Amino acid sequence: MTERKRKVDLGGEGGGVVKRVEVEAGTTAGGESGGVNPLTHLAYSERYYDILKGRKGLPIWQARSELIRMLNEHQTTVLVGETGSGKTTQVAQFICDAGFCSGQMMIGCTQPRRVAAMSVAKRVSEEMDVNLGEQVGYTIRFEDVSGPNTVIKFLTDGMLLREAMTDPQLSRYSVIILDEAHERTLATDILFGLLKEILEKRKDLKLVVMSATLEAEKFQTYFIDAPLIKVPGRLFPVEIFYTQEPERDYLEAAIRTVLQIHQHEDPGDVLLFLTGEEEIEEACRRISREAYDMGETAGEAMVIPLYSSLPPAQQQRIFAKAPEPKGPGGKPGRKIIVSTNIAETSLTIDGIVYVVDPGFSKQKVYNPRVRVESLLVTPISRASAHQRSGRAGRTRPGKCFRLYTENSFQKDLQEQTYPEILRSNLGSVVLQLKKLGVEDLVHFDFMDPPAPETLMRALELLNYLGALDDEGELTQIGAVMSEFPLDPQLSKMLVASPQFKCSNEILTVTAMLSVPNCFVRPRDKAREADAAKEQFVHSDGDHMTLLNVFHAFKQWQATGEEKDMCYNNWLNYRSLKSAESVRDQLARICNRLNVNLVSTDFSDRYYYINIRKAIVSGYFMQVAHMEKSGKYQTVKDNELVMLHPSCVLGNKPEWVLYHEFVLTSRHYIRTCIDIEGDWLVDIAPHYFDLSNFPVCAARRSLERLYMKRSKGK
DNA sequence: GAGCACTGC
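Numbering follows the numbering used here, in which position 223 of the first sequence is assigned residue number 443; successive positions increment by one, without gaps.
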C-alpha cells in the first residue's frame, strides 16, 4: 500500500480526556424486581428488567445522578457523548424518572431526522414498558403519535419550531433536549436563539444540549457558562492512515485503495465515501469489474451503491450478508459500500471494518449577490473526517484510509463544517422568526450570525412579496404565509391564488414543486423516458406539465393501478405519493386560514391563464427576457441563462418565469412557464417600476408596454 | 441538450 502507517487512537483524537462520573447507589429505575411502573401503575414486565440490565451497562448510566444534579442547579446543561454512549435513548428517561414531567408537563427531545425521532421513541417506549403513542410518543410531519398522557415526546427540530409558532413559550414542556446539536441544522440553530430568549422568561424551563463533538464548548459559552458533562463513547479503536503525497485524482485513488484492501486486508466490509450519484455508480462499476478480474486471488466483492434517491428496497441491500467464499478453502467475500454522506449521519451500517475517505462532500453554498443556492464539491471538516473514521469501529477494531496527507488534515481542513445557516437562503427563516415575534433580526442572538447581505436579501424578498411592510413588520398576508411549510414565493403564490380563481390547481402545483423531481430518466433509457413525458407536456410550460402528471396519477388511483402506471410511464411513484401528502397538508392549512379552494371552469379560456398569473404573483422576481441574440437574460440581475434541456417550452417565448436557477456546467433556468409582460406590470408594479431598473432589453420592452398603456388611456 | 449532498416543516 502507498499509505504510511500512523496509529492514532480514535478515543484520543479530538475527544479529550474523558471525565468519569461516580455512580450513586440506589438510583436505579424501578428497583430490581416486582416494582410498579409509576407511569402505568402496572407491574413491570420481565422484558423491562432484561432491557434494564443492558441499559445499566451504557456509559451514560454512570452520568445519571450528575446530570440530574446539574439540571437542578442550572437552567442549561451541555452533554457531550460520542457514538455508543447511549445518550439519545437514556437522557430523557433519566430526567423523567427524576420527576421533571409532573402534571401536564412534558419532556421534548429533538432529532434532526424523522426516522430517528420514530425509532428512538419506539425504543424508549419499550425500555419504559409503556405503549408507543401513550406515555412515550413522537411527532413528525404528517404523523403525530402522542396523546394527552405523553410525558416524553421525540420530535424533529423543525416540528418543535412549528410548535413554537402557536405556543411561543413552549409552555407544555418542562424540559427541552436538543439532540445532535453538533449537526447545526437550520432548525436547531434557530431553536438555540429562541430558547435562549424563552429561558429568560421561563425560569422553570430546563434545556439540555446534547452533542457528539467538543464543539460543545461553544454551546457552553453561548448559553452563558452552562455546565458540561462528558460521557465516553463506545467505539473500538480505529487505525488511521494518511497518504504521503496529496492525491491528484481522488476518485482514482479511492478505487485503487478499495481494491488493495479487497486483495490484501483481512476479512471485513468496506465503506467508501464519495460525493454524488454519478461518481458512485461509476466507482461501483469499476470496482466490481476489477475485483472480478482478480479471480481466485481475492474473495467475492459485493459492491453496493448508497445514496438517498435510491428506492428503499435498494438501500436495504447495505444490510445484506457478505458473500460466502467462492469455494472450499477460498477467501471469504466482502461487502463494499460506496456511499454519499448519508452513511456519515443518517444511516449506520454495522460490520464495517475499513473506511476509505477521500475527504470531499457536496455542500450547499448560498451566494446572496445572485441569490442562488448551489452545490459544490468541498473538502470536509476534521469533525466530519472523525465521524467517517468512526464508522469503521462500531463492531470491532477497524482501519480508516484518508486519501490526503496528515499535514493537510491538520492545516487545510476546517475544524467544523460551516453551519447550514451560513450557507442558506434565509427567506423562510426570516419569515418564521418574524412570526415567532423576533422584532430585531440584526440583534437576534444567532450562535453564528449570517452575513448581513444574506439577511438583507431575505428582508428585501419578503418586502417585495408583501409579507413585510417597509418598516419590516409582518403584514397580515405575511402572517398567513408563515403558516405554510413552504418557501415564501410558494406560499405567496398559494395565498394569492384564490384571487385568480385557481387555488385548487395552485395547491397541486405547489405540492409538485415541493417534492423531488417526479420524472425518471436513466441515461441508457433516456429516449423512452422522454417519450413517456411527452404525453403530459403542456405547451404553456413545466408547471402545467406537472399539473397534468398529478391529474393522471389521481385518475390511475381511482382504478388502483397507479403504481404500475407510474412505472410504465417513467414517473417516480414515491414522489407523487409524497406530493399527495403535501397537498393534503397544505389544503388543511388553507382551510384553517380561510384561504378558499376554488377553480376556474375547465372550459373557460382563462383556466390556464389564471394559473400562470397566480404563479407570477409569487415568482415575479424570477423572470427572464429573450434578448435579440435569442438568449435569455434574467431580469434585473442580467445574468445570461439557458432554458434547461428538460424544459418543455419549445417556442422560446419573449418572457419566461423560472422556478429554479441552477449553476452547473452552465447557467440554466429550470421548470419554466411562458408569461406575458403585461402580467408583470399588473401583478407586481412595485417591482417592475422603471425608476429602479437597469438598462437592458427587458427594460426597453417594458417601456414600450407602459407607453402603449398611457396612449390607451 | 442535462442532473441529483443531506435533511426538515
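Ideal Cβ positions, reconstructed from N, Cα and C, are used throughout, including at glycine. On a predicted model such as this, the values are computed, not experimentally measured, just so you know.
| Item | Value |
| --- | --- |
| Write down the C-beta distance between Leu-491 and Ile-600 rounded to the nearest angstrom, noting that I regard them as a contact closer than 8 Å. | Not a contact, Cβ separation roughly 15 Å. |
| For the candidate residues Arg-537, Glu-874 and Gly-550, whose alpha-carbon lies nearest to that of Glu-520? | Gly-550 |
| With burial defined as no fewer than 16 other Cβ atoms inside 10 Å of the residue's Cβ, what is the status of Gln-355: buried or exposed? | buried |
| Counting only the same chain and skipping the five closest in sequence on each side, list residues whose C-beta sits under 8 Å from that of Met-862. | Lys-851, Tyr-852, Arg-886, His-887, Tyr-888 and Ile-889 |
| Taking the continuous beta strand (DSSP E) assigned at Ser-911, which residues delimit it? | First-last for Ser-911: undefined, no H or E at that position. |
| Using DSSP with H/G/I as helix, E/B as strand and the rest coil, what is Ala-671? | coil |
| In this structure, what does DSSP give as the bridge partners for Tyr-888? | Met-862 and Val-882 |
| When the Cα atoms are used, what is the spatial distance from Val-478 to Ile-507? | 8 Å |
| Ignore the nearest five residues each way along the sequence and tell me which others in Ile-360's own chain have a CB closer than 8 Å to its CB. | Arg-334, Ala-337, Met-338, Leu-375, Thr-376 and Met-379 |
| By the DSSP assignment, the alpha helix (DSSP H) with Asn-789 in it spans what residues? | Here Asn-789 belongs to no alpha helix (DSSP H), and DSSP marks it neither H nor E. |
| Cys-738 by DSSP, collapsed to three states: which one? | coil |
| Excluding sequence positions up to five away, which residues of its chain have a Cβ less than 8 Å from the Cβ of Val-243? | The predicted position of Val-243 is uncertain, since its pLDDT is 35 and thus under 50; a value taken from the coordinates is nonetheless stated next. Closer than 8 Å at the Cβ level, and outside the excluded window around Val-243, lie Trp-281, Gln-282, Arg-284 and Ser-285. |
| Distance check for Arg-422 and Phe-320, CA to CA, integer angstroms please. | 15 Å |
| Taking 8 Å as the cut-off, decide whether the C-beta atoms of Met-514 and Gln-483 are in contact. | yes |
| For Glu-781, count neighbouring Cβ atoms within 10 angstroms of its own Cβ and tell me buried if that reaches 16, exposed if not. | exposed |
| Rounded to a whole number of angstroms, what is the C-alpha to C-alpha distance between Leu-278 and Thr-330? | 21 Å |
| Applying the 10 Å Cβ sphere with the 16-neighbour rule, what's the burial state of Val-597? | exposed |
| So, are the CB atoms of Leu-526 and Ser-559 less than 8 Å apart? | yes |
| Taking all protein chains shown into account, decide if Gly-488 is buried (16 or more other Cβ within 10 angstroms of its Cβ) or exposed. | buried |
| When DSSP builds the beta bridges, which residues end up paired with Gln-583? | Leu-596 |
| Between Ala-671 and the rest of its own chain, which residues show a CB-CB distance below 8 Å, the 5 nearest in sequence each way excluded? | Pro-588 and Leu-642 |
| Please work out which residues of its chain come closer than 7 Å, Cβ to Cβ, to Leu-813, disregarding the five sequence neighbours upstream and downstream, and give them in chain order. | Val-700 and Glu-703 |
| Terminal residues of the continuous beta strand (DSSP E) containing Gln-696? | From DSSP, Gln-696 is part of no beta strand (DSSP E) but of the alpha helix (DSSP H) over 696-702. |
| Considering only their Cβ atoms, is the gap separating Pro-466 from Ser-628 smaller than 8 Å? | yes |
| Nearest CA to the CA of Ala-318: which residue from Leu-291, Val-298 and Thr-309? | Leu-291 |
| Roughly how many whole angstroms lie between the Cα atoms of Ile-460 and Lys-541? | 26 Å |
| Helix, strand or coil: which one does DSSP assign to Val-344? | helix |
| Examine the Cβ distances between the segment 736-755 and the segment 682-701 and report whether three or more of them are shorter than 8 Å. | no |
| Should Val-915 be labelled buried (16 or more other beta-carbon atoms within 10 Å of its own) or exposed? | exposed |
| Quick check on the DSSP output: the beta strand (DSSP E) that includes Lys-619 runs from which residue to which? | 618-622 |
| What's the gap between the Cα of Ile-557 and the Cα of Pro-578? | 14 Å |
| If you follow the beta strand (DSSP E) that Cys-329 is in, where does it begin and where does it stop? | 326-331 |
| Is it a yes or a no for the segment 417-434 touching the segment 611-624, going by three-plus beta-carbon pairs under 8 Å? | no |
| If you count every other CB in all the chains shown that lies within 10 Å of the CB of Arg-267, and 16 or more means buried, which is it? | exposed |
| Are there 16 or more other CB atoms within 10 angstroms of the CB of His-845, so buried, or fewer, so exposed? | buried |
| Please go through the same chain and pick out, in chain order, the residues whose beta-carbon is closer than 8 Å to the beta-carbon of Thr-248, but skip the five residues on each side of it. | Residue confidence is low: Thr-248 scores 45 on pLDDT, short of 50, so the model does not pin down where it sits. Its coordinate-derived value is still stated next. Excluding sequence neighbours, Thr-248 sits near Leu-272 and Lys-276. |
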